[in-house]
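Worksheet for the structure shown next.
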Amino acid sequence: MTKWAKEYGPIFQIYFGPKRTYVLSELKSLREVFSDSQSVHNDRPHNEAFHLLRDGLH
15 MTKWAKEYGP
25 IFQIYFGPKR
35 TYVLSELKSL
45 REVFSDSQSV
55 HNDRPHNEAF
65 HLLRDGLH
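Spelled out as structure tokens, the structure:
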């Protein structure tokens, strides 16, 4: 993924079969996506990765 990020930039998409997946390779981008779109995903179940990205390691 690091090689792809260097080639395609910090945000790109890949396909796992028919499923499109977006890859954000910079922590800054991840934090922006999660903090700027809280209203979009507030009602969805959260996993451990979400909490680590939102709250950081304690």
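Residue numbering for the sequence shown follows this note's numbering, beginning at 15 and increasing consecutively.
Ideal Cβ positions, reconstructed from N, Cα and C, are used throughout, including at glycine.
Return the chain-ordered list of same chain residues with a C-beta closer than 7 Å to the C-beta of residue 34, the five sequence neighbours on each side being excluded. 27
Would you list the residues sitting across from residue 37 in a DSSP beta bridge? 26, per the DSSP bridge assignment.
Are the CB atoms of residue 16 and residue 43 within a distance shorter than 9 Å? no
I need the straight-line Cα distance from residue 24 to residue 41, nearest angstrom please. 10 Å
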